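The structure appears right after this line, and notes come after that.
Protein chains in written order, with the working numbering: chain A, 3 to 341; chain B, 3 to 341.
See the structure below:
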């Protein structure tokens, strides 16, 4: 049986390996500081398709296909997969992985989706419900802009606190008793809502969710930030990151020298004009697959906490003057088996 | 460890009970053939709120609260919960259950959501990842009409194959080693897409998904329809139901005298003017909680297959001329523990 710790953390009972992973990104992401880490960089963000929505689906399908090829599996080897994205009704995923003919469970966690997917994949692989289970997500700047904000042609001005939705997808494949890196534990986040209403300041809305989940993990496991190489969030951006560090500091938890945020990493803040940083489901998913998992695999990193964050708003909720509920799910990833 | 059967079915290893349930519906649903079964019928579908979206959230919160009260639990007793709905970015759920302060995992399966939620709740309760786990979903006629179709004020004509989105919510609470009814097995559906593009004929789009999943379950478990009191789908409506029965008949699987569809049950086809029947996440969820679970509890029903169906389209995918991918997840529910 799985071992529950405290209110929201579950320790793995078996060696749950992240067996394979892949990252597929757009042109701007390929020109960023981590451009060389990704498996595929598209030249024009269209991925050979005639609409941006179809491009996002193609990107997501390519991420899963690439992750499968890396570990010499085919779709039919997957027990099932988890996936979701930012588009209304998660069509990026339905059209992206529908052709794989694999049992599928749709998830929605906004930009926390890859963490939710890994969390559920880890729990089901650990229990034996699945043998080989995939998790995938994506976001696309052009589909997100026209759905959430303005048509691209409008050329709307962006506020200083706004973030740039990454054109990126990340896929991972989990399996029991394979090699490093391992999922050691997961913490399921709660919906946090501190009353932020500015849809152009999602970092501020999401920081309390990351704060709550990281604190919950440390409390449930009685661990300290010192035991981890990095505490990685995604995608708080520069505004949300400052708030997170400050909120934890007020509770006597110091993470300033451990904290990295995928939203602050994906783009060059000096030269890529993304204001408060990157965002979108694909931001943390692509950096996890492109950067952090390889560093864990090589042993360069030993233990990280990966807490992706999602803002659970819609244009309708914003138009009705509602606040922005947010959530963050956390995965403890390790190069060590630890059982 | 969980016992996998065939490609997509997982048998429960423990007695996984549906400990409690609740259904909350709108006025029209309360006037239908099952109106007396529901825990709460609202008088004007507004649930005391000033927008229909807030009403949907209030309805969903009330369903969870009622299910908890029935089994004398409070939100803090829940290990975590699964939830989702039809609204863009699932805001019905984020605002509906955010205040419960419970670890939360968002899911998206369109009208199959309650089956996906029970499936994941059952797997995580069975493995011990969760002790007491809830699943909830909802739909609201007025929020769905204006999001997917037309403003209500427009008074658009509905086609003969169209279905009526139910204003309804269903919540269930799962626990190990409690009383009947039990989840005996689950089958995870695949995305099926037979090229249907008519968003006013979702029954036809979803029937192949129900066909695929029911056939998968029967094949994985080597069971026949005769072993079940009913094979329940939701929400194929009258058009999709005929297609499902015919598709299985062509494979020599006869379910005509076992088949019930929640879309055909919720409203009176003669007097409630719903064309091909009811639909929406809440349709099958409310009938499951209002009718089928009590009948299993009382022993009137012994075994049913519950295969909720979802159409994974969005207005954007329809506007781009895309087909309607669909999915169906199946739960074998039993009054017998069967271990």
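Built from N, CA and C at the ideal position, the CB exists for glycine as well. Model, not experiment: these values are computed from the prediction.
Membership of residue 177 (chain B) in any alpha helix (DSSP H) is not indicated; the residue belongs instead to the beta strand (DSSP E) covering 170–178. For residue 194 (chain A), DSSP records a beta bridge to A:328. Between residue 199 (chain A) and the set A:7, A:66, A:326, the nearest pair of CA atoms involves A:326. Counted as a single uninterrupted DSSP element, the stretch harbouring residue 181 (chain A) is not any beta strand (DSSP E), since DSSP gives it neither H nor E.
DSSP, reduced to helix, strand and coil, places residue 276 (chain A) outside both helices and strands of the structure shown, so it counts as coil.
Put simply, of B:87, B:193, B:224, B:105 the residue whose alpha carbon is nearest the alpha carbon of residue 149 (chain B) is B:87. A residue is called buried when at least 16 other Cβ atoms come within 10 angstroms of its Cβ; residue 181 (chain B) does not meet this threshold and is exposed.
In chain order, 12 place their CB closer than 6 Å to the CB of residue 6 (chain A), counting only its own chain and leaving out the 5 sequence neighbours on each side. Counting along the chain, residue 5 (chain A) sits inside the beta strand (DSSP E) bounded by residues 5–7.
Residue 60 (chain B) has its alpha-carbon roughly 10 Å from the corresponding atom of residue 171 (chain B). Rounded to whole angstroms, the gap between the alpha carbons of residue 177 (chain B) and residue 173 (chain A) is 32 Å. With contacts defined as CB atoms closer than 8 Å, residue 330 (chain B) and residue 165 (chain B) fail to qualify as a contacting pair. Annotated three-state conformation of residue 247 (chain B) is helix, per DSSP. Here DSSP, grouped into helix, strand and coil, assigns residue 261 (chain B) to strand.
Residue 253 (chain A) is outside the set of residues whose beta carbon lies under 8 Å from a beta carbon in chain B.
When rounded, the separation of the alpha-carbon atoms in residue 278 (chain A) and residue 240 (chain A) is 5 Å. Against residue 110 (chain B), the close residues of chain A are 86, 91, 92, 108, 109, 110, in the order they occur along the chain (beta-carbon pairs closer than 8 Å). Here residue 159 (chain A) has no same chain residue with a Cβ atom under 8 Å from its own Cβ, once five neighbours each way along the sequence are excluded. Residues of the stretch 11–27 of chain A that bring their beta carbon within less than 8 Å of a beta carbon in chain B comprise 12, in sequence order. For a Cβ distance threshold of 7 Å, residue set 192 of chain B lies close to residue 103 (chain A), ordered along the chain.
Contact annotation for residue 324 (chain A) against chain B: 97 [CB-CB distance below 7 Å, chain order]. Interface criterion met: the Cβ of residue 131 (chain B) is under 8 Å from a Cβ in chain A. Cβ neighbours of residue 274 (chain A) within its own chain (closer than 6 Å, five residues either side excluded): none.
For residue 8 (chain A), same chain residues with a beta-carbon under 8 Å away, outside a window of 5 residues either side, are 218, 221, 222, 223 in chain order. Residues of chain A with a Cβ closer than 7 Å to the Cβ of residue 329 (chain B) are, in chain order, 106.
By the Cβ rule, the stretch 204–214 of chain B counts as touching the stretch 224–243 of chain B, because three or more pairs are nearer than 8 Å.
At least one CB of chain B lies nearer than 8 Å to the CB of residue 195 (chain A). Taking a Cβ-Cβ cut-off of 7 Å, residue 171 (chain A) has no neighbours in chain B, whose nearest Cβ is about 17 Å from it. Scanning the stretch 29–113 of chain A from its first residue to its last, the whole alpha helix (DSSP H) runs of 4-plus residues come out as 29–32, 54–72, 93–99.
Scanning A:262, A:201, A:283 for the CA closest to the CA of residue 321 (chain A) turns up A:201. Three or more pairs of CB atoms, one per stretch, sit closer than 8 Å, so the stretch 136–146 of chain A contacts the stretch 93–100 of chain A. Rounded to the nearest angstrom, the gap between the Cα atoms of residue 17 (chain A) and residue 16 (chain B) is 23 Å. Here the stretch 110–117 of chain B does not lie against the stretch 38–50 of chain A, with fewer than 3 beta-carbon pairs under 8 Å apart. The beta strand (DSSP E) runs lying completely inside the stretch 295–330 of chain A and spanning 3 residues or more are 305–313, given in chain order.
In summary, no residue of the stretch 150–167 of chain B has a CB separated from any CB of chain A by less than 8 Å.
Counting only residues of its own chain and dropping the five nearest sequence neighbours on each side, residue 250 (chain B) has a CB closer than 8 Å to the CB of 213, 216, 217, 256, 257.
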